[in-house]
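S.K.: I have a structure here, written as structure tokens, and I will follow up with some questions on it.
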Amino acid sequence: MTTTTRESYDQVMMPNYAPGDVIPVRGSGSRVWDQAGREYIDFAGGIAVTALGHAHPALVSALTEQAGKLWHTSNVMATEPAVVLAEKLCNATFADRVFFCNSGTEANEAALKLARRYSHTNFGPQKDLIIAFDNAFHGRSLLNISVGGQPSYREGFGPLPGSITHLPFNDVAALEETFNSLSDTVCAVIVEPIQGEGGVLDAEPEFMQAIRRLCDEHQALMVLDEVQTGVGRTGKLYAHEWYDVKPDILATAKALGGGFPIGATLATAQVSEVFKVGTHGSTYGGNPLACAVATAAFDLINTPEVLQGVTHRRAMLVKGLQEISDRFDVFQAIRGQGLLIGCVVTDNWSGRAREFLLASQDAGVLTLMAGSDVLRLAPSLIIPETDIKEGLERLEGAVATLCAGEDKAASS
Ligand SMILES: *Cc1c(COP(=O)(O)O)cnc(C)c1O
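All residue numbers in the sequence shown are consecutive under the numbering used here, ending with 402.
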């Protein structure tokens, strides 16, 4: 017996989301079941979060084991799970120090505060400019919507934090020009290796390398927002490893907890130095439950089998998506890396990616959008091959239904 309905949601929830009619109640691996017992293949991964699928036994066991031991002390005390996870992150990345928080927004907030503090301490308050990019998404705090490159997310929330400028993504010349004219004032550049919410748009290697070079030349910090691209999503632990650059600061969240809320800001020792006692903090950050689950997830994901499996699974998915498009002419490009996949719809479907998402859901496969022109997939990194095949079949059915409806509309 269930009394929760889509209507009861509207009675009590603020109207800032628009969930569909399906209410999932259970998940296992890459399958999800709704209230009516209907089964779906999960190509969405809770927006690139459930990187090991649903109810992975290792995560369930890490969570329940920790749940019986210690839930919370706050950061007035050190706890074992936080230190263990931080050691693993430092050993596996460029970073020497970690700050834990609870979301991607908070990880970026800490990253940018750290950058501002570093510049202020070492060069003075005039070096405060943050360079960000059009269409970037960094979260929903006031600072993050200001740094993000989607003006609609800022509308009606002013006054906003200042000394932030936006440049076109992948435009090396614009970046050079800005650095050359504003050199002494540039504090940091923040960038996503692949713009996720902005449409699954890959940064070009020359662009990422130019950011690194210009930051070095002008004593600015390179901040990577790897909230969506991190923790194995692209087939490397972090996406910047594909580009042969190292950041000074990196924000990670989403897949880090495999579905349990956790975020982290990673940095070099030199930069971290300026976060003296009392400069920043979080009550829940580094919570033992979150860190225990994230450690179990990290141990599973940071292995050659899983990371190479991502590349293999991408190849299967891209091939299937290409075949669907060859038959129905629906996608003009398939972008992204690893299991962050963006299918850009053809011009005749422009602005209608949501129709693909809804038709897919009707056909029993969960997908995402990235703007109104891109159907986005971000499944579990260990999604079984049989689920990929069946999910593609269902997706093909959905596209066939959509196109049949279109033909009918055209001929009537
Ligand atoms: C999702 C996302 C965020 C925000 O993370 P939250 O956990 O929703 O606060 C920030 N940056 C990027 C690139 C993201 O994809």
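Ideal placement from N, C-alpha and C gives every residue a C-beta, glycine not left out.
Grab me the residues of F169's own chain with a C-beta within less than 7 Å of its C-beta, minus the 5 sequence neighbours each way, in chain order.
M.R.: Start at 1 with the first residue of the sequence shown, and residue 169 comes out as number 179. These residues qualify, in order along the chain: V176, L204 and H208.
S.K.: Between A349 and T391, is the Cβ-Cβ spacing less than 9 Å?
M.R.: Counting from one through the sequence shown, the residue named residue 349 turns up at place 359. Counting from one through the sequence shown, the residue named residue 391 turns up at place 401. The answer is yes: Cβ separation under 9 Å.
S.K.: From T40, T(-5) and V2, pick the residue whose C-alpha is nearest to that of G17; which is it?
M.R.: Mapped onto the sequence shown, residue 17 falls at position 27. Measuring from the Cα of G17, the nearest candidate turns out to be T40.
S.K.: Would you list the one or two residues that DSSP bridges to D215?
M.R.: Locating residue 215 in the sequence shown gives position 225, counting from the first residue. DSSP lists A241 as partners of D215.
S.K.: When you compare the CB positions of G332 and L365, do they come within less than 9 Å of one another, or not?
M.R.: As a position in the sequence shown, residue 332 is number 342, starting the count at 1. As a position in the sequence shown, residue 365 is number 375, starting the count at 1. The answer is yes: Cβ separation under 9 Å.
S.K.: How would you call W232, buried or exposed, if buried means at least 16 neighbouring beta carbons within 10 angstroms?
M.R.: As a first step, residue 232 must be located in the sequence shown, where it is residue number 242. That one is buried.
S.K.: Does the Cβ of W339 have 16 or more other Cβ atoms within 10 Å, making it buried, or fewer, making it exposed?
M.R.: On the sequence shown, residue 339 is found 349 positions in, with the first residue counted as 1. That one is buried.
S.K.: Quick one: grab the DSSP three-state call for G35.
M.R.: Counting from one through the sequence shown, the residue named residue 35 turns up at place 45. Correct three-state label for G35: helix.
S.K.: When you compare the CB positions of R304 and G189, do they come within less than 9 Å of one another, or not?
M.R.: Here residue 304 is taken as the residue at index 314 of the sequence shown, counted from 1. Here residue 189 is taken as the residue at index 199 of the sequence shown, counted from 1. Not a contact, by the Cβ cut-off of 9 Å.
S.K.: With a threshold of 16 other CB atoms inside 10 Å of the CB of K379, please say whether the residue is buried or exposed.
M.R.: By one-based count along the sequence shown, residue 379 stands at place 389. With fewer than 16 other Cβ atoms within 10 Å, it is exposed.
S.K.: What residues in its chain sit with their C-beta under 8 Å from that of I201, if we drop five residues either side in the sequence?
M.R.: Taking the sequence shown and counting its residues from 1, the one referred to as residue 201 is at position 211. L165, V179, V181, M212 and V235.
S.K.: Report the partner residues of R21 according to the DSSP bridge assignment.
M.R.: Position 31 of the sequence shown holds residue 21. For R21, which the question treats as bridged, DSSP gives the partners S18 and I31.
S.K.: Considering R106, what are the terminal residues of the alpha helix (DSSP H) in which it resides?
M.R.: For the purposes of this step, residue 106 is taken as the residue at position 116 of the sequence shown. G94 to F113 is the span of the alpha helix (DSSP H), which, as asked, contains R106.
S.K.: Sorry if obvious, but does the Cβ on Q218 come closer than 8 Å to a heavy atom of ligand 1?
M.R.: On the sequence shown, residue 218 is found 228 positions in, with the first residue counted as 1. Yes, since a heavy atom of ligand 1 falls inside the 8 Å radius drawn around the Cβ of Q218.
S.K.: Go to I13, then tell me how far its beta strand (DSSP E) extends in each direction, as first and last residue.
M.R.: Position 23 of the sequence shown holds residue 13. Element bounds for I13: n/a, residue is neither H nor E.
S.K.: Mind checking which residues open and close the alpha helix (DSSP H) that includes L365?
M.R.: As a first step, residue 365 must be located in the sequence shown, where it is residue number 375. From DSSP, L365 is part of no alpha helix (DSSP H) but of the beta strand (DSSP E) over V364 to L367.
S.K.: Give the single residue among T54, D86, E(-3) and T63 whose Cα lies nearest to the Cα of V261.
M.R.: Position 271 of the sequence shown holds residue 261. Selected option, being the one with the closest Cα: D86.
S.K.: According to DSSP, is V425 helix, strand or coil?
M.R.: Because the chain is modelled from -9 through 402, residue 425 falls outside the range shown and cannot be assessed.
S.K.: Using a Cβ-Cβ cut-off of 7 Å (strictly less than) and excluding sequence neighbours within five positions of F321, which residues of its own chain qualify?
M.R.: Taking the first residue of the sequence shown as 1, we reach residue 321 at position 331. Result list for F321: L311, S315, C333, V334, V335 and T336, in chain order.
S.K.: Is it right to say D206 is buried, meaning 16 or more other beta carbons lie within 10 angstroms of its own, or is it exposed?
M.R.: Residue mapping note: residue 206 aligns to position 216 of the sequence shown, counting from 1. D206 is exposed by the Cβ-count criterion.
S.K.: In the DSSP assignment, find the unbroken alpha helix (DSSP H) run with A305 in it and report its ends.
M.R.: Stepping through the sequence shown from its first residue, residue 305 is reached at position 315. Unbroken alpha helix (DSSP H) run through A305: P294 to F318.
S.K.: When burial is assigned at 16 or more other CB atoms within 10 Å of the CB, is Q116 buried or exposed?
M.R.: If you number the sequence shown from 1, residue 116 lands on position 126. Classification for Q116: exposed.
S.K.: If you follow the alpha helix (DSSP H) that I121 is in, where does it begin and where does it stop?
M.R.: Within the sequence shown, the letter at position 131 stands for residue 121. It is not in any alpha helix (DSSP H) - I121 instead sits in the beta strand (DSSP E) that spans L119 to F123.
S.K.: Do G328 and K244 have their C-beta atoms within less than 9 Å of each other?
M.R.: In the sequence shown, the residue the question calls residue 328 occupies position 338. In the sequence shown, the residue the question calls residue 244 occupies position 254. It is not a contact, given that the beta carbons lie outside the stated cut-off.
S.K.: On the three-state DSSP scale, how would you describe I252?
M.R.: For the purposes of this step, residue 252 is taken as the residue at position 262 of the sequence shown. I252: coil per DSSP, three-state reduction.
S.K.: Have a look at Y7 and G361 and give me their C-alpha separation to the nearest angstrom.
M.R.: Translated into the one-based positions of the sequence shown, residue 7 becomes position 17. Translated into the one-based positions of the sequence shown, residue 361 becomes position 371. Approximately 15 Å, taken between the alpha carbons.
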